[in-house]
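Numbering (the numbering used here), first residue to last: -12 to 413.
Heads up, the beta-carbon is just placed ideally off N, CA and C, and yes, glycines get one too.
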Amino acid sequence: MEIDAMYENLGICKKVLDFGKKIEDNLKDRFQEIDENAEYNQMKVIKAMQDNRVSDIHFAATTGYGYNDLGRDTLEDVYASVFHTESALVRPNLISGTHALSIALSGNLRPGDELLSPAGKPYDTLEEVIGIRESTGSLKEYGVIYRQVDLLPNGTFDYESIKKAINERTKLITIQRSKGYDTRPTFSVSQIGELIAFVKEIKPDVICMVDNCYGEFVERMEPSDVGADMIVGSLIKNPGGGLAPIGGYIAGKTECIDKASYRLTAPGLGKEVGASLGLNQAFYQGLFLSPTVVAGALKGAVFAANVYEKLGFQVVPNGSESRHDIIQAVTFGNPEGVIAFCQGIQAAAPVDSFVSPEPWDMPGYDAPVIMAAGAFVQGSSIELSADGPIKPPYAVYFQGGLTWYHAKLGILMSLQKLLDAGLVQI
Ligand SMILES: *Cc1c(COP(=O)(O)O)cnc(C)c1O
């Protein structure tokens, strides 16, 4: 077949290709379900753009203070419509997911307030934002108290302890949807809804914030549909659709968003300023593409899970369970497997395919880390990327893929590298 020759041209042998085909043939129902969600979410995004009368004029650049930036203001209305929230802050000067989370927290917490994480330890970079690890400028330095309730051993919420942890000072609870680089399961939107309902029953005025990174458009509902007061994410992940070159968003109740905006810019200025510098078109178009991009990434994750499960490796989530984010973990049990996998992902990239990633001692990590990313946008993890710390259990975390075909090639290439290194037999 002609298409087989194309894969062979790229370095995928017949054996790997045939193995992949057999796996893919069994995924038709899964893929159809993913496509139907994408179709639903595509309609949701288009409707939001139509309802807000998105027009050519909104793509114009503003500079300086950015007063009356119609494109920026309308984009924020579109995000609010998509996520069914009162308001949103969507900005290039929210420079990453961590920054957006930091602004959402510091804008809404005051000295003496308590911040509670009822879902265990938050994402690594938040440890310094909160002050769990000592750091200059942390919430802790400003007198915000942090409490955490760990998950039960089976990965579910410890409702009993959460109830005990909520007190008169509890101001905000933070729930991380995706497992990130942890081993717990990712929470579904409905699980998050149950937790929020439980918390609000105990204390109705507590602010419930969800770290929505990697979760957008994976399901038909978002945490803001089940009671979250604020949802927060990065535009170089799902909702940027691969086109946003930078940015973050916070969507939620007007009061929460306004408070965040006074922290992002300055008290008194809030949302009124902040030039969009010509990035609006990429933000709109990226959001428009996001549902299908997320679908491609999800198919890649499901395909990878099934390929490596079939070969006898431990995969999280497993090949058949339902998905609530785009991350896939594969445990190889040895450094060589992690390295070969990442080298395969790199070799399949449209950018920097000719370099070979090696493990290195990254600041902030206690073991060498290998990272594969051949991305158009630096560090973008909606683009096909993989990384893994070189320490037991020797697991690799893999995510993204702007198209399903690219994700598929990446996974086949990773398998090719493992086969070439004699690490698997097929
Ligand atoms: C990526 C991520 C973040 C941080 O986002 P950055 O853009 O890398 O700063 C926070 N929380 C979760 C769950 C993430 O996946």
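{"Query": "Would you call residue 128 buried or exposed, if buried means 16 or more other Cβ atoms sit within 10 Å of its Cβ?", "Result": "exposed"}
{"Query": "Which parts of the region 23 to 96 are runs of the beta strand (DSSP E), unbroken and 3 residues or longer, counting only runs that do not cross its ends?", "Result": "74 to 78"}
{"Query": "Compute the distance between the beta-carbons of residue 76 and residue 223, then report whether it is under 8 Å.", "Result": "no"}
{"Query": "Within a Cβ cutoff of 7 Å, which residues of the same chain sit near residue 130, ignoring the five residues on either side of it in sequence?", "Result": "98 and 99"}
{"Query": "Whole angstroms are fine: how far does the CA of residue 148 sit from the CA of residue 208?", "Result": "28 Å"}
{"Query": "How about residue 106 and residue 33: are their beta carbons less than 8 Å apart?", "Result": "no"}
{"Query": "Taking residue 234 as the reference, give the member of 102, 84, 334 and 324 with the closest Cα.", "Result": "84"}
{"Query": "Is the distance from the Cβ of residue 164 to the Cβ of residue 199 below 8 Å?", "Result": "yes"}
{"Query": "Using 10 angstroms around the beta-carbon of residue 50, count the other beta-carbons present and answer buried if the total reaches 16, otherwise exposed.", "Result": "exposed"}
{"Query": "Count Cβ pairs between the region 263 to 279 and the region 295 to 309 that sit closer than 8 Å; are there 3 or more?", "Result": "no"}
{"Query": "When the distance is taken between beta carbons, is residue 345 closer than 8 Å to residue 332?", "Result": "no"}
{"Query": "Apart from the five residues on each side of it in sequence, which residues of its chain come closer than 7 Å, Cβ to Cβ, to residue 204?", "Result": "28, 225, 277, 278 and 281"}
{"Query": "Does ligand 1 have a heavy atom nearer than 7 Å to the CB of residue 167?", "Result": "yes"}
{"Query": "Give me, in chain order, the residues of the same chain whose beta-carbon lies closer than 6 Å to that of residue 246; leave out the 5 immediate sequence neighbours on both sides.", "Result": "94 and 95"}
{"Query": "Taking Cβ to Cβ, would you say residue 90 is nearer than 8 Å to residue 251?", "Result": "yes"}
{"Query": "What's the C-alpha gap between residue 264 and residue 297?", "Result": "48 Å"}
{"Query": "Check residue 362 in the structure and name its three-state DSSP category.", "Result": "coil"}
{"Query": "Output needed for residue 364: all residues of its chain with C-beta closer than 6 Å, excluding positions within five of it in sequence on either side, in chain order.", "Result": "223 and 232"}
{"Query": "From what residue to what residue does the alpha helix (DSSP H) around residue -6 run?", "Result": "-11 to -4"}
{"Query": "Count the other CB atoms, across all protein chains shown, that sit within 10 Å of the CB of residue 270; report buried if there are 16 or more and exposed otherwise.", "Result": "buried"}
{"Query": "Using beta-carbon positions only, say whether residue 146 and residue 384 come within less than 8 Å of one another.", "Result": "no"}
{"Query": "Using the Cβ count rule (16 or more neighbours within 10 Å means buried), how would you classify residue 267?", "Result": "buried"}
{"Query": "Can you give the beta carbon distance from residue 211 to residue 72, rounded, assuming they're within the 8 Å contact cut?", "Result": "5 Å"}
{"Query": "Is any heavy atom of ligand 1 found at a distance shorter than 7 Å from the C-beta of residue 88?", "Result": "yes"}
{"Query": "Can you check whether the CB of residue 389 is closer than 8 Å to the CB of residue 283?", "Result": "yes"}
{"Query": "Identify every run of the beta strand (DSSP E) within the region 93 to 155, keeping only runs that are complete inside it and at least 3 residues long; order them along the chain.", "Result": "101 to 104 and 132 to 135"}
{"Query": "If you drop the 5 nearest sequence neighbours on each side, which residues of the same chain put their C-beta closer than 8 Å to that of residue 125?", "Result": "115, 116, 117 and 118"}
{"Query": "Helix, strand or coil for residue 336? Go by DSSP, reduced to three states.", "Result": "coil"}
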